[in-house]
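Down below is the structure, laid out as structure tokens.
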Amino acid sequence: QVQLVESGGGLVQAGGSLRLSCTASGRTFSNKAMGWFRQAPGLEREFLAAVSWSGGSTDYADSVKGRFTISRDNIKNTVYLQMNSLKPEDTAVYYCTGVLGRQPLGSWGQGTQVTVSS
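In terms of our numbering, the sequence shown opens at residue 579 and continues consecutively.
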């Protein structure tokens, strides 16, 4: 079983940037598409971005397209989410997991909190 640990969250002003990391331990995830999701208080968890196992194909939700970039390093067993032009509505706990299309497949880690102040 793969254990996923998200990191890189924090407090940032609107317009700022953060880079999130998701590192896997246990079984490798190099043969799986991976995705990032987020959940704000009182809201359902939402899909943000996905990257194919090779890293050659990506998919983004409209809410983050053009601002967020997903990438991966299979040697380091790590998936990244570069977040630019952050907005207060991006405030949430961010998670990564394996995906099929935009659907989450695996278990969730503890997530990393992102707070964007106005």
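The beta-carbon is built from N, C-alpha and C at its ideal position, and this holds for glycine as well.
These figures come from a predicted structure and were not determined experimentally.
- A contact between stretches requires three or more CB pairs, one per stretch, nearer than 8 Å, and the stretch 610 to 623 meets this requirement with the stretch 672 to 687.
- Note that the stretch 682 to 691 does not touch the stretch 649 to 668; fewer than 3 beta-carbon pairs, one per stretch, sit closer than 8 Å.
- In the three-state scheme derived from DSSP, where H, G and I count as helix and E and B as strand, glutamate 584 is classed as strand.
- Of the other Cβ atoms in all chains shown, 16 or more fall within 10 Å of the Cβ of alanine 628; this residue is therefore buried.
- With 16 or more other Cβ atoms from the protein chains shown falling within 10 Å of its own Cβ, glycine 587 counts as buried.
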